[in-house]
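Since the structure comes first, as structure tokens, the remarks are kept for the end.
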Amino acid sequence: MSTDAPRRRRADAARNAERITRTARAAFAEAGGGVTLEEIAQRAGVGLATLYRHFPSKEKLVREVVEELMREEIEPGITRALAEPDPLRGMSLMLETVLALAAGQPGILATAKDAGALTADLAPRFIEPLTRLLRNAQAAGQARADLEPDDLMRILGMLLSTLRPAEGPDEGWRRSLVLLLDALRPDGATPLPPAAPPARC
439 MSTDAPRRRR ADAARNAERI TRTARAAFAE AGGGVTLEEI AQRAGVGLAT LYRHFPSKEK
499 LVREVVEELM REEIEPGITR ALAEPDPLRG MSLMLETVLA LAAGQPGILA TAKDAGALTA
559 DLAPRFIEPL TRLLRNAQAA GQARADLEPD DLMRILGMLL STLRPAEGPD EGWRRSLVLL
619 LDALRPDGAT PLPPAAPPAR C
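In the numbering used here, the protein residues as written are 439 to 639.
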């Protein structure tokens with residue numbers, strides 16, 4: 439009996455934290471970073487004090503939303519990409535995962551960027567499997583030998599910069615991705631200049 443009450447409190451606290459995170463995710467997707475913590479607490483059906491107990495600042499709440507996106511959207515895409523027997527197709531799946539998320543939920547990513555939640559420690563969780571796929575594609579003769587992982591991150595940045603979510607759903611990036619991936623193949627490749635320092639992620 440002595441352990442039941444603390445266990446229930448922990449379970450209630452976990453449910454509240456999850457409810458707040460999911461509510462914030464939906465609110466940011468809908469209205470961007472202008473949503474206040476007060477509004478998020480009201481939508482989640484919890485008191486403001488409860489929200490602050492779990493997330494002492496808006497930045498911490500935004501970071502938890504980013505972590506949830508990583509767990510539920512990005513990491514499953516990475517798993518599918520690594521399981522793909524064709525490494526070049528795996529690279530494409532990884533890039534598609536990020537681009538589809540950015541095109542479909544621009545408010546969340548804009549909020550994360552403004553809040554400083556897209557920190558450098560997130561990058562290895564994406565870059566390391568992408569590097570593995572690139573090296574496998576090079577070993578299989580599918581990708582030009584002088585490519586570096588930073589080249590792929592710059593390509594991803596280029597594609598992200600072309601999104602126009604304010605004009606409605608934008609699927610134009612799919613054509614651009616195919617065109618750019620074709621440019622990674624070794625057939626008829628022109629030698630590249632020396633690699634520049636890696637871009638900041």
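We put the beta carbon where it would ideally sit given N, CA and C, even for glycine. On a predicted model such as this, the values are computed, not experimentally measured, just so you know.
- Distances from the alpha-carbon of G528 to those of M508, A548, L585, Q580 put Q580 closest.
- Around the beta carbon of R463, 16 or more other beta carbons lie within 10 angstroms, which makes this residue buried.
- In terms of Cβ geometry, L619 and L526 form a close pair [threshold 9 Å].
- Per DSSP, A555 lies in no alpha helix (DSSP H) and is assigned neither H nor E.
- Judged by beta-carbon spacing, E497 lies beyond the 9 Å limit of L486, meaning their Cβ atoms are not closer than that value.
- Spanning the alpha carbons of M591 and P444 requires a straight line of approximately 46 Å.
- Annotated three-state conformation of G610 is coil, per DSSP.
- In the DSSP assignment, V500 falls within the unbroken alpha helix (DSSP H) covering 496-507.
- Annotation: the continuous alpha helix (DSSP H) that includes L520 extends over 513-521.
- Burial of S530 is indicated by the presence of at least 16 other C-beta atoms within 10 angstroms of its C-beta.
- One thing to note: M532 has its Cβ no nearer than 9 Å to the Cβ of I546.
- Where V536 is concerned, the enclosing alpha helix (DSSP H) starts and stops at 525-542.
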